[in-house]
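Beneath this line is the structure, given in structure tokens, with notes to follow.
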Amino acid sequence: FPSHDITRCFPVTIQIRRGEITKNTTNTDGAWHGRKIYSLDEYMKKTKQICDILNTNKIFVSTDSSETIDYLKEKYTDYTFFSNNYNKTFFIRYDTNWKKEFVESPSLELQICKKPELIKHYTNSCLSDLICLSKCQGYVGGMGMSEYGICGWFLQMAKQKKITPNFIIVTG
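Numbering-wise (our numbering), the sequence shown opens with residue 199 and increments by one.
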């Protein structure tokens, strides 16, 4: 599986946060913490459209979930997926049953306060993904409640000096 090289330019990026709760099928009835859940297949439907516009099959995947990358690689064999190679097991995971009440808050800020040793990991992974996002020429991701997604897309447009093709998966 190709790892990152932040000096490369990737044609299309797909940004999927909280990959452990994004279902692999289109059966996504319900929501997680007030957000509608979209399947990886729904993300790829939009990503395929941008790939067609840009005439490419290369996709950079910005995600905190190795399960997301594994699923995409296995199901969409006509595409080449790239991702940064940081250890995704360090990310804080949440219960995948989104209908269940949380015992603990899903707030990243509150969880990081409990595990400050992860601050460097989160910082490095976020910055390296944002660098790669800026070098892409098309974007698919959730921006309804994601400042990170908006920042990635804006960096991309600033780097490309134009409005880049995008599909926004509205999450909030």
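A virtual CB, placed ideally from N, CA and C, is assigned to each residue, including glycine.
Since the structure is predicted, the reported quantities are computational estimates derived from the model, not experimental observations.
Check	Outcome
For residue 213, which of helix, strand or coil comes out of DSSP?	strand
Considering only the beta carbon of each residue, do residue 214 and residue 365 sit closer than 8 Å?	no
Could you check the C-alpha separation between residue 317 and residue 324 for me, to the nearest Å?	11 Å
Which residues does DSSP list as the beta-bridge partners of residue 340?	367
Does DSSP put residue 257 in a helix, in a strand, or in coil?	strand
Using 8 Å as the cut-off, can you tell me whether the region 308-315 makes contact with the region 264-274, which would need three or more C-beta pairs spanning the two stretches below that distance?	no
Tell me the rounded alpha-carbon separation between residue 329 and residue 345.	15 Å
Provide the residue(s) that pair with residue 278 in DSSP beta bridges, ordered along the chain.	256
Quick check on residue 261: buried or exposed, where buried means 16 or more other Cβ atoms within 10 Å of its Cβ?	buried
Residue range of the alpha helix (DSSP H) that residue 358 falls in?	345-358
Judging by CA-CA distance, which residue of 337, 314 and 265 is the nearest neighbour of residue 243?	337
What do you reckon, are the CB atoms on residue 257 and residue 266 nearer than 8 Å?	no
Look at the alpha carbon of residue 238 and the alpha carbon of residue 259, and state the distance between them as a whole number of angstroms.	11 Å
With DSSP as the reference, label residue 244 as helix, strand or coil.	helix
Just the C-alpha distance for residue 331 and residue 211, rounded to the nearest angstrom, thanks.	6 Å
Would you kindly report the start and end of the unbroken alpha helix (DSSP H) that includes residue 264?	264-273
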